[in-house]
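Participant: Okay, handing you the structure first.
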Amino acid sequence: MTATPLMSVLLPVYNAEPYVAAAMQSILRQDHGRIELIAIDDGSTDRSLEILERCRRDDSRVSIISRENRGLVASLNEGLAVARGELVARMDADDFAYPWRLSRQAALFAARPELGFCGALVDTLLHGRIARGRLDPVFRLGLPVLSKFFTIFMHPTVVYNREVIGEADLRYDGFYRHAEDFDLFRRLAERYPAALIPESLLVYRIHPGSVTSLHSKEMRRTHLRIVGENLESEGLTEDGANLRAIGETVTFDTVTRAAAFIHALEERIAALPDTTRPSFEAGALNLFYFLYQLVNDEERPALAHELLTLTGKWNAIRRREKYALSPGALAPWLSQASMWAGKRADWVAYRFKSAPAASVLAPYRVEAA
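This is the structure in structure tokens:
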């Protein structure tokens, strides 16, 4: 790898008019010396393409692919096919990167040229305020094992090392729509070393129009299908049908089946060798939390009460949630009121603990006129 490797940044764009100028400028103002920014306009019907073209006129490092709507997977694979860089970075059109993002990641590959890919922490932007990201202690465990249970990196923070990853391996699979990053990361982590930079290098914007917000249900179904496949391949379950079932619909029956799945999984993990068991235990706990969130979002306290009781994991949730859900089986209305109050308290705490967005966003305010 050259001393200053070319970094190709892939930026898929679909109807991102309010945000895309800030996203592009945050990349073009990076302190990394060699960048090409490949923007793939996926049939936008707003003014996104106009904004991209203006940025291209102003900066020769920008190239644009524009055609009819084909979806995110097609856009990413198209960008990978034309990228010229030794390193390929992902970027989303509604986020913005700190100026040192790409230089930090390039430096990691220079220090560890055997790495196949890396990610980083993110700060989150919600309702005009930024919350600082924190490193979860789980990442001290084995990434190849954890990648079987959840998406180990935030997708827009990832950089791939094309000098390590084989051409055939670096491709997104449309079969896993809206969880294509989870699928790719699990495949790469099996074959190539990966690392997480314990620093926030990007601000992840949460808003109602984001892919995560719009397609959360399909994302969760696909996520559970991938976890089931992984556990089957590891011999930790014979059948992931119970996971797929609760992904399709949350009922007392599917909650019961999911709880039984968790019990059986934990029993098999308990028999694993000491070298891998802690990572699998952490992954299984993450899977429980994923299921708990899935059930809790139904806002039917009796179902969440059932999951916690059948899995025996009342102590795994926050004390406030425990008190709110305790009457869930007999007095759902009381649990619903308590849960609403808890969410309101979380929102107030978020507003007072997070940093104002204006000071961070100021360098990237670009009008779309």
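Residue numbers (UniProt numbering): 1 to 369. Idealized CB from N, CA, C, for every residue including glycine.
If we ignore side chains and look at the alpha-carbon of each, how far apart do V348 and K322 end up?
Facilitator: Residue placement at V348 is flagged as unreliable, the pLDDT there being 44, under the threshold of 50; a coordinate-derived value is accordingly withheld.
Participant: Thinking C-alpha only, which one of R320, S216, V145, S279 is nearest H207?
Facilitator: It is S216 whose Cα lies nearest to the Cα of H207.
Participant: What three-state label does DSSP hand D41 in the structure shown?
Facilitator: In the structure shown, D41 sits in a strand (DSSP, three-state: E or B).
Participant: Compute the distance between the beta-carbons of P5 and G85, then report whether it is under 8 Å.
Facilitator: Yes, they are a contact pair.
Participant: Helix, strand or coil, according to DSSP, for F149 in the structure here?
Facilitator: It is coil, neither helix nor strand.
Participant: How many angstroms separate the CA atom of I269 from the CA atom of E281?
Facilitator: Rounded to whole angstroms, I269 to E281 spans 7 Å at the Cα level.
Participant: Could you tell me the alpha carbon to alpha carbon distance between A74 and W314, rounded to whole angstroms?
Facilitator: Between A74 and W314, the C-alpha separation is close to 42 Å.
Participant: Report the rounded CA-to-CA distance for L236 versus L141, giving the unit in angstroms.
Facilitator: Those two C-alpha atoms are separated by around 19 Å.
Participant: By DSSP, does M24 sit in helix, in strand, or in coil?
Facilitator: Three-state result, M24: helix.
Participant: Take A16 as the anchor and find which of I40, Q30, L28 has the nearest alpha-carbon.
Facilitator: The shortest C-alpha separation from A16 is found at I40.
Participant: In the structure shown, what three-state DSSP assignment does S123 receive?
Facilitator: Ser is not the amino acid found at residue 123; the sequence shown has Asp there. It is a strand residue.
Participant: Just how far apart, CA to CA, sit R29 and R101?
Facilitator: Roughly 10 Å separates the two Cα atoms.
Participant: CA-CA distance, P278 and I64?
Facilitator: Taking the straight line joining both Cα atoms gives about 46 Å.
Participant: Under three-state DSSP, which class holds I246?
Facilitator: Three-state DSSP puts I246 in a helix.
Participant: Which partner residues does S8 have in the DSSP bridge list?
Facilitator: Beta-bridge pairing links S8 to E36, V88.
Participant: I'd like to know whether the C-beta atoms of T254 and I262 end up nearer to each other than 8 Å.
Facilitator: In this structure, I262 does not lie closer than 8 Å to T254 by Cβ.
Participant: Tell me where the beta strand (DSSP E) around Y160 begins and ends.
Facilitator: Counting along the chain, the beta strand (DSSP E) containing Y160 begins and ends at 159-161.
Participant: With burial defined as no fewer than 16 other Cβ atoms inside 10 Å of the residue's Cβ, what is the status of T151: buried or exposed?
Facilitator: Answer is buried; the Cβ neighbour count reaches 16.
Participant: Rounded to whole angstroms, what's the CA-CA distance from R177 to T222? Just pull it up for me.
Facilitator: The alpha-carbon atoms of R177 and T222 are separated by roughly 7 Å.
Participant: With a threshold of 16 other CB atoms inside 10 Å of the CB of L135, please say whether the residue is buried or exposed.
Facilitator: Exposed: under 16 other Cβ atoms inside 10 Å.
Participant: On the DSSP bridge list, what partners appear for L80?
Facilitator: Beta-bridge pairing links L80 to no other residue.
Participant: Here's the rule I'm using: 16 or more other beta-carbon atoms within 10 Å means buried, otherwise exposed. How should H155 be labelled?
Facilitator: Looking at its Cβ environment, which holds 16 or more other Cβ atoms inside 10 Å, H155 is buried.
Participant: Leaving out five residues on either side along the sequence, give the residues of the same chain with a beta carbon under 7 Å from the beta carbon of D95.
Facilitator: If we look at D95 and ignore the five residues flanking it on each side, its Cβ neighbours are A23, P156, L202, V203, Y204, R205.
Participant: Between which two residues does the alpha helix (DSSP H) holding S301 run?
Facilitator: Note that residue 301 corresponds to Pro in the displayed sequence, not to Ser. Run containing P301: 301-311, per the alpha helix (DSSP H) assignment.
Participant: Using the three-state DSSP reduction, which class does P278 fall into: helix, strand or coil?
Facilitator: Reduced to three states, the DSSP call for P278 is helix.
Participant: If you check the beta carbons only, do I197 and R104 fall under 8 Å apart?
Facilitator: Going by C-beta atoms, I197 is nearer than 8 Å to R104.
Participant: On the DSSP bridge assignment, give the partners of L265 in chain order.
Facilitator: Beta-bridge pairing links L265 to no other residue.
Participant: Can you tell me whether S200 is buried or exposed, with buried defined as 16 or more other CB within 10 angstroms of its CB?
Facilitator: So S200 ends up on the buried side.
Participant: Could you tell me whether the stretch 120-128 touches the stretch 165-175, where touching means 3 or more Cβ pairs closer than 8 Å?
Facilitator: At 8 Å Cβ cutoff, the stretches do not touch.
Participant: So, under 8 Å CB-CB, S44 and V13 are touching, yes? Tell me the CB distance rounded to an integer number of Å.
Facilitator: Indeed they touch by this definition, with Cβ atoms about 6 Å apart.
Participant: Could you give the residue range of the beta strand (DSSP E) that holds R205?
Facilitator: From DSSP, the beta strand (DSSP E) with R205 extends over 194-205.
Participant: Quick one: using the 10 Å Cβ neighbour count with 16 as the cut-off for buried, is A83 buried or exposed?
Facilitator: Buried is the call here.
Participant: Taking a contact to mean a Cβ-Cβ separation below 8 Å, would you say L11 touches M91 in this structure?
Facilitator: Closer than 8 Å, so yes.
Participant: Can you say whether F182 is buried or exposed, counting buried as having 16 or more other CB atoms within 10 angstroms of its CB?
Facilitator: Buried is the call here.
Participant: Is the Cβ-Cβ distance between F290 and T311 less than 8 Å?
Facilitator: No, Cβ-Cβ distance for F290 and T311 is not below 8 Å.
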